[in-house]
Amino acid sequence: MVLGVLISPHVTEKATLSNSMNTYVFKVAKTANKLEVKKAIEGKYGVNVRRVNMLNTKPRQVRLGRTTGVVPGYKKAMVTLIHGEKIEGAV
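Numbering (this note's numbering), first residue to last: 1125 to 1215.
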């Protein structure tokens, strides 16, 4: 089932600029694969997906004074739609 695959849209300047080229970026579950992401996007937004590219972002250590912490890693999906379609309400 594709429930819980999509976490949130990934809102950055680069991701917003890619919207004009029919490419949308989403944070997805760590266990999600391309087929699950494609089905989730098509089911939720009612669009036809042309291509899905996946990217794992590794966790990294950060430091503030003497305190150290970890920024958790996540998985991104870059979804390209068929020409002429767009996701309404996407940032």
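For each residue, glycine too, the CB sits at the ideal point set by N, CA and C.
Between the segment 1138–1154 and the segment 1195–1212, the count of Cβ pairs shorter than 8 Å is three or higher; the stretches touch. C-alpha of L1205 to C-alpha of P1183: approximately 29 Å in a straight line.
Beta-bridge analysis with DSSP links S1144 to no other residue. DSSP places A1139 in the helix class (H, G or I) of the three-state scheme. By the 16-neighbour rule on beta-carbons within 10 angstroms, L1141 is exposed.
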